[in-house]
Amino acid sequence: MTNTIMQADIQRLEALYLPKWPAMAVWGAPVTVDQAKDIILRTDSFLTSIGPYSGGNNKLWGAWARTTLGFQHLAVDEAPGNWHRQGAVQQKLRAALGFVETEYVHNTWAASSYVYGPYGWCHPSGTIWYEDNIGKYPSAREVFEEWQALAKAFPYLDLTVTLFSGESADDESNPVVSFRVQEGHVAILDFPIVPSQRSVPVRDTHALLRELVTNRSREQGLADQWIVDYSEVIRPLVAQFESEVAQELAHLSPS
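Numbered by my numbering, the letters in the sequence shown go through residues 108 to 362 in order.
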């Protein structure tokens, strides 16, 4: 399997129509919990977002997590010019961890403001499964390229991805294209396929409203111990990069 996309493949992907919020199905071989932990660290943006506005509405938990990870003091510092320091530290941190930037293919487990709670294609248990919408207005080529980046970062992934012509709840939604992710590479399948057992999420609006009012912790999809474990990696890096950025800014400042 080759990870090189040919011009014919580009033209094929660009010719495909996807709606505003297309459904995407992901299924495949489970990964270990340790691998899931690594994937989530390097794909869940909250865990390396230095700014104060990322995450959900559970502000107390968010402050605890940022303090534990070692950058709460940066997140709450609103001194003039601190946005540059935040951004520079965050950029260095993500580069050191090998963070994979994506716009459409998400893992959002740590702190989710999504109305239906935490979600993602790699579950903390190691299960590889997703069947829900992505968005907004993606192209098939953009989604394919995100899976290329993920396959390169996590070469042990063995999964299939299918994009649909409608949203997950649409009766008329049909598979449009499928990708095979294996051994660090992504291939476009000749014909789209669907998982043998589908489980499109059932939305219970009344239960959702009760949860929204009574349970702030519904926004958290990771055990707090995972945040503590992540902090052992993140805290020393944040301290190192904060020092580096301070020196860089001092060097650039007029004497």
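Yeah, the Cβ is synthetic: ideal placement off N, Cα and C, and Gly gets one too.
Taking a C-beta distance under 8 Å as the contact criterion, Gly205 and Asn214 do not qualify as a contact pair.
Annotation: Gly291 is outside any alpha helix (DSSP H) and is labelled neither H nor E by DSSP.
DSSP places Glu274 outside both helix and strand once states are collapsed to three, so it counts as coil.
Out of Gln289, Ala346, Gln118, the CA that lies nearest to the CA of Ile157 is found in Ala346.
Spatial neighbours of Pro245 in its own chain (CB-CB distance under 8 Å, excluding positions within 5 residues in sequence) are listed in chain order as Leu125, Pro129, Glu210, Tyr211.
Between the beta-carbon of His230 and that of Ala258 there is about 18 Å, and that puts the pair past the 8 Å contact cut.
Exclusion of the five residues before and after Asn240 leaves Trp128, Pro129, Ala130, Met131, Glu274, Ser275 as the residues of its chain whose Cβ lies within less than 8 Å of its Cβ. Taken atom to atom, the span from the alpha-carbon of Gln304 to that of Gly135 is near 12 Å.
Beta-bridge pairing by DSSP links Ala130 to Asn240.
Secondary-structure assignment with DSSP links Pro282 through a beta bridge to Phe271. Sorting Gln142, Ser338, Phe251 by C-alpha distance to the C-alpha of Arg119 places Phe251 at the top. For Asn214, the three-state secondary structure derived from DSSP is strand. If only uninterrupted alpha helix (DSSP H) runs of at least 4 residues are considered, none is enclosed by the stretch 144-173. By the C-beta criterion, the stretch 133-147 is judged not to be in contact with the stretch 163-180, since fewer than 3 inter-stretch pairs fall below 8 Å. Scanning its chain for C-beta atoms nearer than 7 Å, with the 5 sequence neighbours on each side dropped, one finds around Val207 the residues Arg149, Thr150, Ala256, Leu257, Ala260, in chain order. Cβ neighbours of Asn281 within its own chain (closer than 6 Å, five residues either side excluded): Ser272. For Ser338, the enclosing alpha helix (DSSP H) begins and ends at 331-359. Membership of Ile117 in the alpha helix (DSSP H) is indicated by the continuous run 114-121.
Residue state for Asp184 is assigned as coil, using DSSP reduced to three classes. Rounded to whole angstroms, the gap between the alpha carbons of Pro159 and Trp190 is 10 Å.
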